[in-house]
Amino acid sequence: MKHRIGYACINTSIAATTNRTCKLANCTPEKLRELIHSNLSGLKQVIEWNYMHNIFLYRISSVIIPFASHPVNTVPWWEENKAQFNEIGRLIKKYHIRVSMHPGQFVNINSPNPEVVRLSINDLEWHAKFLDSLGCDSTCRLIIHVGGVYGDKASAMIRFIEAYNDIPENIRARLSLENDDKSYNVWDVLNISDQTGIPVVFDVLHHQINNTNQPADDDIRAIMEKCFATWNEKTDIPKIHYSSQKVGAKSGSHADSINMDDFIEFYFRFRDMDFDIMFETKDKERSVIEAFKRLQAESAKGFYNKLA
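Under our numbering, the letters of the sequence shown match residues 60 to 367, in that order.
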C-alpha cells in the first residue's frame with residue numbers, strides 16, 4: 060500500500076511564504092494585487108521544494124488570497140493571475156502532488172442564522188474557485204467541520220444536511236467532513252455522511268478527545284474502514300489527519316512535532332490500508348521528513364516516496 064504524508068500551509072525550511080496579508084484599513088486593490096502575486100510565487104516555491112523532498116501531500120493556506128470573501132477584495136485574482144495559476148497547476152500535476160485547503164472556523168453552514176450560512180458558502184466558493192484555477196480535480200479537497208451545536212445538536216445536524224444539499228455542485232464535489240475535538244465525533248460525522256454522501260476525513264487526535272466512551276471507539280481499524288468507505292475508491296484516496304497532543308496544554312492542542320514512536324506504531328498497524336496522512340503540527344514539513352527517515356530505517360516500503 061502507498062501512503063502520502065504531508066503537512067499544512069507553512070514551510071519552515073525556506074523563506075517563501077504563502078500567507079502575506081495586511082490590515083483591513085490598509086487594504087487597497089494595489090496592495091491586494093501585490094500580496095496575491097507574492098503569495099502565489101511563494102506557493103510555487105513550496106510546491107517545488109515539496110517535490111524535491113518527496114512530499115506529495117500539501118495543504119494550501121486559506122489566507123493565500125487576503126480578504127478573499129470580503130467585499131473589500133474586488134480584484135479578479137483568478138483572471139489577473141491566470142499565468143501563475145496555470146504554472147503552479149502544471150507543477151502540481153507534473154509532480155503528482157495532492158493539494159487541499161481547510162476553510163476556517165467561521166465556516167458554519169449549519170448556523171441558524173441565514174446570513175452566517177450565506178457568508179460560509181461565499182467562503183467555500185472562493186476556495187473552490189482557487190482550486191479550480193489551479194486546474195485541480197475533485198480529489199483536491201476542501202475539509203470542513205460540521206459547525207456549532209447551537210443548543211440542539213440533532214437540529215444542527217439536520218441544518219447541515221439541508222445546507223449541504225443546497226450548495227452548488229462544483230463546491231459540493233470538493234467537500235469532505237472532519238470529526239472535531241468538541242462537538243461532532245466520528246459517529247456523528249459518519250451519520251451525516253450516510254445522508255449526504257460527503258467523504259469523511261478521520262482525525263485521530265480529535266477521536267481520542269471526543270468520542271462516545273463506548274467499546275466501538277477503541278476499534279480504530281473498524282472506524283477507519285467506515286470512514287474510508289465514504290470515499291469513491293475509483294477516484295479518491297481517503298485521507299486522515301494525524302497529530303500529537305501537546306504535553307501540558309489544553310486538550311486538542313497540537314504538539315510542536317509528531318511523537319514518532321506513536322506514529323511508527325500507528326503506521327505499521329494500518330499500513331495495509333490505502334490512505335493519505337496529513338500531519339498537523341507546529342514544525343510542519345520537519346515532522347514529515349523525520350517520519351520518512353524513521354520509516355526508511357524501519358524498512359517500511361509502503362509510503363509514497365519515489366526513492367523507495
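Heads up, the beta-carbon is just placed ideally off N, CA and C, and yes, glycines get one too.
Computed from a predicted model, the values in this text were never measured in an experiment.
Quiz item: Mapping DSSP to helix, strand and coil, what is Asp342?
Solution: Locating residue 342 in the sequence shown gives position 283, where the first residue counts as 1. In the structure shown, Asp342 sits in coil (DSSP, three-state: anything other than H, G, I, E or B).
Quiz item: Does the beta-carbon distance from Asn224 to Ser242 come in below 9 Å?
Solution: Indexing the sequence shown from 1 puts residue 224 at position 165. Indexing the sequence shown from 1 puts residue 242 at position 183. The Cβ atoms of Asn224 and Ser242 lie no closer than 9 Å to each other.
Quiz item: Counting Cβ pairs, one atom from each stretch, are 3 or more of them under 8 Å apart for the segment 348-355 and the segment 116-134?
Solution: Between the segment 348-355 and the segment 116-134 there are fewer than three inter-stretch CB-CB distances shorter than 8 Å, so the stretches are not counted as touching.
Quiz item: Which residues bound the alpha helix (DSSP H) around His186?
Solution: Looking up residue 186 in the sequence shown gives position 127. Element bounds for His186: Pro173 to Ser192.
Quiz item: Quick one: is Arg218 buried, meaning 16 or more other Cβ sit within 10 Å of its Cβ, or exposed?
Solution: Residue 218 sits at position 159 when you count from the first residue of the sequence shown. Answer is buried; the Cβ neighbour count reaches 16.
Self-check item: Buried or exposed (CB count within 10 angstroms, at least 16 for buried), Thr294
Solution: The residue you call residue 294 lines up with position 235 of the sequence shown. Classification for Thr294: exposed.
Practice problem: Taking 9 Å as the cut-off, decide whether the C-beta atoms of Leu116 and Ile64 are in contact. | Solution: Counted from its first residue, the sequence shown places residue 116 at position 57. Counted from its first residue, the sequence shown places residue 64 at position 5. Yes, they are a contact pair.
Exercise. Give the C-beta separation of Ile296 and Ala350 to the nearest angstrom, bearing in mind that I take them to be a contact with Cβ-Cβ under 8 Å.
Key: Here residue 296 refers to the residue found at position 237 when the sequence shown is read from its first residue. Here residue 350 refers to the residue found at position 291 when the sequence shown is read from its first residue. Not confirmed; about 18 Å, so no contact.
Quiz item: Does any residue of chain C bring its CB to less than 9 Å from the CB of Asp321?
Solution: Structure shown: chain C not included; a single protein chain is present.
Quiz item: Are the CB atoms of Ile95 and Ile123 nearer to each other than 9 Å?
Solution: Counted from its first residue, the sequence shown places residue 95 at position 36. Counted from its first residue, the sequence shown places residue 123 at position 64. Yes.
Quiz item: Nearest CA to the CA of Lys343: which residue from Ser179, Val263, His313 and Met111?
Solution: In the sequence shown, counting from the first residue as 1, residue 343 sits at position 284. Of the listed residues, the one whose Cα sits closest to Lys343 is His313.
Self-check item: Buried or exposed (CB count within 10 angstroms, at least 16 for buried), Leu234
Solution: Counted from its first residue, the sequence shown places residue 234 at position 175. So Leu234 ends up on the buried side.
Quiz prompt | Cβ pair count under 8 Å reaching 3, the segment 283-290 against the segment 254-265 | solution = These segments touch.
Quiz item: In this structure, what does DSSP give as the bridge partners for Leu234?
Solution: Walking along the sequence shown from the start, residue 234 turns up at place 175. The partner list for Leu234 (beta bridge, DSSP) reads Leu201.
Self-check item: Presumed contact (8 Å Cβ cut-off) between Lys188 and Leu150, rounded CB distance
Solution: Position 129 of the sequence shown, counted from the first residue, corresponds to residue 188. Position 91 of the sequence shown, counted from the first residue, corresponds to residue 150. That pair is no contact at about 19 Å.
Quiz item: Shortest alpha-carbon distance to Lys305 belongs to which of Val205, Thr271 and Leu264?
Solution: Locating residue 305 in the sequence shown gives position 246, where the first residue counts as 1. Comparing Cα positions, the closest option is Leu264.
Self-check item: Simplified DSSP state of Ala308, which is helix, strand or coil
Solution: Here the question's residue 308 lines up with position 249 in the sequence shown. Look at Ala308 here: in three-state DSSP terms it is coil, with no helix or strand label.
Quiz item: Who does Leu94 pair with in a DSSP beta bridge?
Solution: Locating residue 94 in the sequence shown gives position 35, where the first residue counts as 1. In the DSSP assignment, Leu94 forms no beta bridge with any residue.
Quiz prompt | Reduced DSSP category for Phe351 - H, G, I as helix; E, B as strand; rest coil | solution = Position 292 of the sequence shown holds residue 351. Here Phe351 sits in helix by DSSP.
Quiz item: Who are the near neighbours of Ser80 in its chain, counting only those whose CB is closer than 7 Å to its CB and skipping five residues on each side?
Solution: Taking the first residue of the sequence shown as position 1, residue 80 is located at position 21. Per the sequence shown, residue 80 should be read as Thr rather than Ser. Same-chain partners within the cutoff: Leu94, Val122 and Pro125.
Quiz item: What does a CB cutoff of less than 8 Å around Asn229 pick up in its chain, not counting 5 residues either side in sequence?
Solution: Residue mapping note: residue 229 aligns to position 170 of the sequence shown, counting from 1. Closer than 8 Å at Cβ, skipping near neighbours: Ala187 and Asp191.
Exercise. Go ahead and pull the three-state DSSP assignment for Arg280.
Key: Looking up residue 280 in the sequence shown gives position 221. Looking at Arg280 - three-state DSSP - the assignment turns out to be helix.
Exercise. May I have the straight-line CA-CA distance separating Thr340 from Tyr154, to the nearest angstrom?
Key: Locating residue 340 in the sequence shown gives position 281, where the first residue counts as 1. Locating residue 154 in the sequence shown gives position 95, where the first residue counts as 1. If you take the alpha carbons of Thr340 and Tyr154, they lie about 24 Å apart.
Quiz item: Alpha carbon to alpha carbon, what distance is there between Arg345 and Phe327?
Solution: Within the sequence shown, the letter at position 268 stands for residue 327. Within the sequence shown, the letter at position 286 stands for residue 345. Spanning the two alpha carbons is a distance of roughly 21 Å.
Practice problem: Under 8 Å Cβ to Cβ from Trp185, same chain only, skipping five residues before and after it: list those, please. | Solution: Start at 1 with the first residue of the sequence shown, and residue 185 comes out as number 126. So the qualifying residues of the chain are Ile124, Ala127 and Ser128.
Quiz item: Who does Tyr301 pair with in a DSSP beta bridge?
Solution: Locating residue 301 in the sequence shown gives position 242, where the first residue counts as 1. Tyr301 is bridged to Phe338.
Quiz item: How would you label Met160, buried or exposed, when you count the other beta carbons within 10 angstroms and need 16 or more for buried?
Solution: The count along the sequence shown starts at 1 and reaches residue 160 at position 101. Burial is judged here by how many other beta carbons sit within 10 angstroms of a residue's own beta carbon; Met160 has at least 16 and is buried.
Quiz item: In or out: Arg200 buried (at least 16 other Cβ within 10 Å) or exposed?
Solution: Translated into the one-based positions of the sequence shown, residue 200 becomes position 141. Buried: at least 16 other Cβ atoms inside 10 Å.
Quiz prompt | Environment of Lys309 [buried if 16+ CB atoms lie within 10 Å] | solution = Working through the sequence shown from its first residue, we reach residue 309 at position 250. Residue burial annotation: Lys309 is exposed, with fewer than 16 other C-beta atoms found within 10 angstroms of its C-beta.
Practice problem: Identify the continuous beta strand (DSSP E) that holds Met216 and give its terminal residues. | Solution: For the purposes of this step, residue 216 is identified with residue 157 of the sequence shown, where counting begins at 1. Boundaries around Met216 are those of the alpha helix (DSSP H), Lys212 to Asp225, since no beta strand (DSSP E) includes it.
Quiz item: Just to confirm, are Ser97 and Thr71 a CB contact at a threshold of 9 Å?
Solution: In the sequence shown, counting from the first residue as 1, residue 97 sits at position 38. In the sequence shown, counting from the first residue as 1, residue 71 sits at position 12. The answer is no: Cβ separation not under 9 Å.
Quiz item: Where do the N-terminal and C-terminal ends of the alpha helix (DSSP H) with Ser252 fall, by residue?
Solution: Sequence index remark: in the sequence shown, residue 252 carries index 193 (1-based). Here the alpha helix (DSSP H) through Ser252 covers Val245 to Thr255.
Self-check item: Residues of its chain near Asp239, where Cβ-Cβ distance is below 6 Å and the 5 sequence neighbours each way are ignored
Solution: Reading the sequence shown from its first residue, position 180 is the one you call residue 239. Excluding residues up to 5 positions away in sequence, His204 and His265 lie with their Cβ nearer than 6 Å to the Cβ of Asp239 in the same chain.
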